[in-house]
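Read the structure below first, then the notes.
Chains as they are written, first to last, in the numbering used here: chain A, 422 to 704; chain B, 422 to 704; chain C, 422 to 704; chain D, 422 to 704.
What follows is the structure in structure tokens.
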């Protein structure tokens with residue numbers, strides 16, 4: 422059974438829920454899931470609606486066009502996806518393997534609701550891992566001098582793969598507007614702290630110096646303001662005075678891995694809507 | 422601003438979401454929140470819809486009647502509540518004070534979305550606490566011989582207070598059908614284990630004997646099958662080999678207190694729908 | 422059975438564990454618990470040793486003197502307590518009742534390993550609550566002009582009660598060196614965020630504006646550097662885009678309450694040793 | 422710097438802590454870590470002591486012999502390990518790859534404090550994965566008829582590899598005394614429920630049918646009593662009425678993976694001591 426998922430946002434107004442439900446009913450569909458949220462401060466309405474197509478009069482290709490009049494009437498931003506779509510994603514990595522290896526293992530095990538089509542790295546380290554999982558690996562070394570051209574090359578490669586999502590799996594380079602602008606709200610980064618605590622470099626060292634009793638990880642959309650993008654997922658794990666920086670790094674890896682995987686899944690399932698510096702994450 | 426909350430369940434069928442949304446729109450309301458769930462195995466649809474009444478053509482007293490044709494058409498069970506309702510609840514307690522004291526503190530702090538109108542106990546211990554919070558206290562001792570008459574008395578008192586909800590705050594008596602039948606799916610119990618682990622008596626002793634590394638608490642609707650009622654909320658906390666039974670009891674108290682408070686809040690906010698031996702808990 | 426607890430710190434050196442164990446053995450005691458920690462960066466050794474006195478040759482009054490030569494030999498700071506000691510604590514509160522009410526409920530239920538001997542507040546709100554629990558209540562209003570004299574009065578009262586510990590249960594005044602200096606590392610504050618995120622005022626408003634997915638609370642020793650004192654305990658709870666500031670405040674209260682109670686218990690059980698801006702918390 | 426770790430248990434008695442500390446001191450060692458536990462009910466003392474060898478008079482080969490008189494005097498069971506030991510482990514797997522892939526990724530990343538020397542499976546599925554990580558793979562199909570001989574073969578292979586630990590990474594065969602007896606308290610199993618809830622087959626189906634709000638995983642030493650062995654580690658994750666059995670299985674995988682990795686690490690770091698049906702897990 423194929424279903425369609427609409428991800429909507431527009432100024433809050435009367436009749437939105439009804440208009441969408443009526444659209445589904447008129448075309449012989451059935452609402453499987455619907456969840457909405459109103460940001461009362463901003464006066465913005467967000468909705469995720471999933472309905473089955475089978476038995477109705479809309480083919481996959483028709484949904485967008487058929488919904489256009491409603492979108493226009495209410496001033497909606499709309500994004501349509503189908504349950505059997507396999508969004509294409511690419512992964513950026515540096516030296517640390519854990520997030521990359523985890524995403525690949527999930528992909529190969531058939532758990533990821535999307536296809537990893539390429540891995541790009543400023544290091545050669547993961548070529549064999551990529552080959553094992555059957556994913557093309559692009560080694561793109563970078564120096565301060567070559568950064569601009571390397572980023573342009575990355576954008577070119579990512580566009581060539583026609584990716585829906587870019588995942589920074591502990592990619593330790595700061596992205597410039599070249600990449601950020603090419604994939605707005607479509608780049609997910611994992612930061613190895615519970616943001617906004619310990620922004621910047623070496624967060625585990627900062628955490629150890631401050632003597633915190635929990636450490637965490639934060640997955641967020643990458644934006645021009647470093648470590649300030651809309652947060653998608655966060656988690657923490659307890660630590661104690663006995664933990665060295667090395668222990669924090671090791672314990673933190675599991676958080677990074679899980680939190681990033683959770684955020685990637687939410688995006689691929691069409692459950693996230695970034696707005697301002699926040700992310701609505703539907704259940 | 423007053424809003425109405427409909428809690429619905431019926432056989433799953435096409436057009437349900439639309440019918441409810443249309444009802445709201447036709448009466449000049451606006452959907453504030455709507456969440457639904459379909460139990461595909463049982464073919465049952467559940468929905469919680471909240472909409473504002475202000476500016477519409479329905480008074481509080483009209484909502485139920487106006488919705489009746491829709492309920493009839495789809496075979497819905499419907500329960501209506503209003504955002505400014507203050508559901509009345511009574512608490513049953515035995516000797517242990519922590520759950521009772523916590524609920525009273527929340528009530529007095531204005532945090533509870535309902536009114537505690539009576540405390541009933543088979544012990545006299547909490548009379549002063551009840552008086553401090555201005556809640557009537559009924560001491561109803563019980564012996565094996567007097568159990569039937571004591572329960573009848575409890576039902577009479579609870580009915581006299583016209584309570585919507587009965588909370589067993591570590592009430593250590595097994596309820597018979599006399600009470601259970603009088604308040605079906607309206608009695609919440611807190612069990613001091615992570616059910617279904619350690620059903621029955623002395624769960625912390627069982628937990629210590631088994632050497633588990635987490636202990637928990639479970640809030641559920643009380644039914645004739647002891648410890649088998651629909652679960653509303655659960656939580657756990659880590660323990661270790663160092664914890665004695667006494668430590669488990671102490672640590673467990675905080676779980677019991679929090680989990681019971683969470684379940685009571687969900688019920689009072691009209692967010693729970695028990696079905697079979699499960700509870701749909703809307704977000 | 423009475424046991425003695427030694428809390429030690431000194432420069433790390435060979436033979437420390439043995440010297441303490443030998444002291445216990447020579448006096449006919451038996452080690453019940455011993456836990457140590459070495460801060461390798463600072464080269465400092467910390468230990469908590471608990472041993473029984475019964476059957477040995479040391480009375481309570483003798484322990485300190487008998488241990489003095491060892492302390493001197495190794496340059497130890499030593500603090501001795503006994504399992505049947507009841508440390509005296511006072512609570513500072515402002516308007517919010519939840520932390521205060523929780524600590525009092527634990528005290529009255531016999532769960533707190535110490536005695537709450539006084540409540541001091543810049544508001545009159547909790548006088549009845551204090552009376553119910555049989556604890557003297559001091560209402561000490563404060564204005565910018567009277568702050569110095571009010572603090573002096575607080576110190577006088579606290580000294581009069583001979584308290585071991587001062588607990589700021591959401592006391593919303595910034596303490597000056599007058600109080601801080603009188604009770605160094607003996608004042609525990611609860612901050613309503615996961616420090617160091619959201620230092621300063623209105624942390625829940627900050628958290629909501631930042632769109633975090635977890636909120637937390639931090640119990641720490643109060644020092645002259647606001648929100649920078651050694652952390653004793655922290656915890657977090659999940660939140661979502663649906664949570665208003667009001668929801669965060671409500672959910673946060675449970676975290677504040679639990680985290681503060683946990684920190685107070687650790688201090689009262691003689692399990693904390695602050696060093697620099699960190700706290701060693703023994704298990 | 423090489424350190425020695427002693428893992429001890431014996432009847433509780435006076436002077437144990439001192440005797441061990443004296444042994445270390447006399448041989449010029451320094452205690453790095455020491456943690457003990459007394460099971461008061463059983464009257465048994467457990468200790469884990471780590472001390473450095475450098476600068477002392479004991480070589481690695483001497484430690485056991487030098488300690489023997491103390492062990493004899495107190496009736497101790499003793500197990501000695503060194504910080505630079507690399508315990509050898511083998512993994513048993515069936516079809517599900519997640520636990521196996523995770524352990525291999527940790528091993529290849531250098532995070533595991535031991536060496537995975539072999540993978541044994543009743544299915545051929547993971548041969549390529551094993552080869553990628555450079556670990557020999559033994560495919561040992563099993564039928565009801567061949568079970569006895571297959572187990573004998575497994576024992577032979579494991580003995581050939583001289584493994585210290587056997588990890589059942591979702592190995593879906595019930596072990597008989599043939600294997601259990603060959604590696605007592607040296608086989609770790611991961612059960613996909615929060616034991617003792619949902620013992621037996623298909624725990625996620627059981628969990629969904631019961632409507633629990635948390636699901637979990639349990640790592641325990643395998644014993645002849647299925648699902649009854651000493652628990653090493655457990656964890657849970659929240660679920661809701663929306664989760665299908667498929668969702669529970671997917672969410673549960675992350676718990677299984679993490680809990681098993683945590684238990685394996687604890688064993689490899691010589692931090693576990695099984696006693697009766699419980700496991701002392703040192704910090």
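Just so it is clear, CB atoms sit at the ideal spot from N, CA and C, and this is done for glycine as well.
According to DSSP, is residue 443(D) helix, strand or coil? Here residue 443(D) sits in helix by DSSP.
From which residue to which residue does the beta strand (DSSP E) around residue 635(C) run? In the DSSP annotation of this structure, the continuous segment of the beta strand (DSSP E) that includes residue 635(C) starts and ends at 635–642.
**Asked** For residue 557(A), which of 536(A), 621(A) and 477(A) has the nearest alpha-carbon?
**Response** For residue 557(A), the nearest C-alpha among the options comes from 536(A).
Check: Residues in its own chain within less than 7 Å of residue 517(B) by CB, not counting five upstream and five downstream?
Finding: Taking residue 517(B) as the centre and dropping the five residues before and after it, the same chain places the C-beta of 591 closer than 7 Å to its C-beta, in chain order.
For residue 427(D), name the three-state secondary structure that DSSP assigns. Residue 427(D) falls in the strand class under three-state DSSP.
Helix, strand or coil for residue 676(C), going by three-state DSSP, please let me know.
Look at residue 676(C) here: in three-state DSSP terms it is helix.
### Query
So the beta strand (DSSP E) residue 699(D) belongs to, where does it begin and stop?
Residues 699–702.
| said: Whether or not the segment 677–687 of chain A and the segment 522–538 of chain A are in contact is what I'm after, with contact meaning three or more pairs of Cβ atoms, one per stretch, closer than 8 Å; do they touch? | reply: Result yes; three or more Cβ-Cβ pairs closer than 8 Å.
Taking all protein chains shown into account, decide if residue 673(A) is buried (16 or more other Cβ within 10 angstroms of its Cβ) or exposed.
-> With 16 or more Cβ atoms within 10 Å of its Cβ, residue 673(A) is classed as buried.
- Do residue 503(D) and residue 469(D) come within 8 Å of each other at the CB atom, strictly closer than that value? No, Cβ-Cβ distance for residue 469(D) and residue 503(D) is not below 8 Å.
- Task: Name, please, each residue of chain C whose Cβ falls closer than 8 Å to the Cβ of residue 526(B).
- Result: Within chain C, the residues near residue 526(B) are 518, 519, 522, 523 and 526.
_Helix, strand or coil at residue 558(C) [DSSP, three-state]_ = Residue 558(C) carries a strand assignment under DSSP once its states are collapsed to helix, strand and coil.
Taking the DSSP output, what are the residues bridged to residue 612(B)? Answer by DSSP bridge pairing, in chain order: 639(B).
Along chain D, which residues have their Cβ under 9 Å away from the Cβ of residue 698(B)?
Chain D residues near residue 698(B): 630, 631 and 632.
Q. My guess is that residue 642(C) and residue 695(C) are in contact by the Cβ rule of under 8 Å, so how many angstroms apart are they, rounded?
A. Correct: roughly 5 Å between the Cβ atoms.
Original post:
Are the C-beta atoms of residue 611(D) and some chain G residue less than 8 Å apart?
Top reply: The displayed structure is made up of protein chains A, B, C and D, and chain G is not among them.
In chain order, which beta strand (DSSP E) runs of at least 3 residues are fully inside the segment 512–586 of chain C? Runs found: 536–542 and 558–560.
The segment 476–503 of chain B: which residues have C-beta closer than 7 Å to a C-beta of chain A, in chain order?
Answer in chain order: no residues at all.
Q. Are the C-beta of residue 442(C) and some C-beta of chain D separated by less than 8 Å?
A. Cβ-Cβ to chain D under 8 Å: yes for residue 442(C).
* Asked: Where do the ends of the alpha helix (DSSP H) carrying residue 600(D) lie?
  -> Element bounds for residue 600(D): 598–603.
Checklist entry - Touching or not, the segment 435–455 of chain D and the segment 425–445 of chain C, by the rule of three or more beta carbon pairs under 8 Å? => result Three or more Cβ pairs closer than 8 Å define a contact, and the segment 435–455 of chain D meets that threshold against the segment 425–445 of chain C.
I want to see whether chain C comes within less than 8 Å of residue 675(B), judged by CB atoms only; does it?
Judged by the 8 Å Cβ criterion, residue 675(B) is in contact with chain C.
With a threshold of 8 Å between beta-carbons, can residue 571(D) be considered close to chain C, or not? Any Cβ of chain C closer than 8 Å to the Cβ of residue 571(D) would place that residue at the interface, and such an atom is absent.
Item to complete: Given a cut-off of 8 Å, decide if residue 629(C) and residue 685(C) are closer than it, judged by their beta-carbon atoms.
Response: Contact flag unset, no.
Practice item. Go through its chain and collect everything with a Cβ distance to residue 555(B)'s Cβ below 7 Å, but skip five positions before and after it. Key: Around residue 555(B): no qualifying Cβ.
Checklist line | First and last residue of the uninterrupted alpha helix (DSSP H) at residue 491(D) | finding: Residue 491(D) -> alpha helix (DSSP H) spans 481–495.
Within 8 Å (strictly less), CB to CB, does residue 641(C) reach chain D?
So, not an interface residue.
Three or more beta-carbon pairs under 8 Å between the segment 574–587 of chain B and the segment 493–500 of chain B, yes or no? Verdict: no, contact absent.
Since residue 599(C) and residue 616(C) are thought to touch, with beta carbons under 8 Å apart, how far apart are those beta carbons, to the nearest angstrom?
-> Residue 616(C) and residue 599(C) do not touch by the CB rule: their CB atoms are close to 24 Å apart, not below 8 Å.
- Among 677(D), 614(D), 589(D) and 618(D), which residue has its Cα nearest to the Cα of residue 604(D)? The shortest Cα separation from residue 604(D) among 677(D), 614(D), 589(D) and 618(D) belongs to 589(D).
Cα-Cα separation, residue 653(A) to residue 618(D) | Roughly 33 Å between the two C-alpha positions.
### Message
Strictly by DSSP, which residues pair up with residue 619(A)?
### Response
Under DSSP, residue 619(A) shares a beta bridge with no residue.
Checklist entry - Alpha carbon to alpha carbon, how far is residue 701(D) from residue 670(B)? => result Between residue 701(D) and residue 670(B), the C-alpha separation is close to 20 Å.
If we ignore side chains and look at the alpha-carbon of each, how far apart do residue 550(B) and residue 538(C) end up? Residue 550(B) and residue 538(C): Cα-Cα distance of roughly 20 Å.
By the 10 Å Cβ neighbour count, where 16 or more other Cβ atoms means buried, how is residue 614(A) classified, buried or exposed? In summary, residue 614(A) is buried, with 16 or more beta-carbon neighbours lying within 10 Å of its beta-carbon over all protein chains present.
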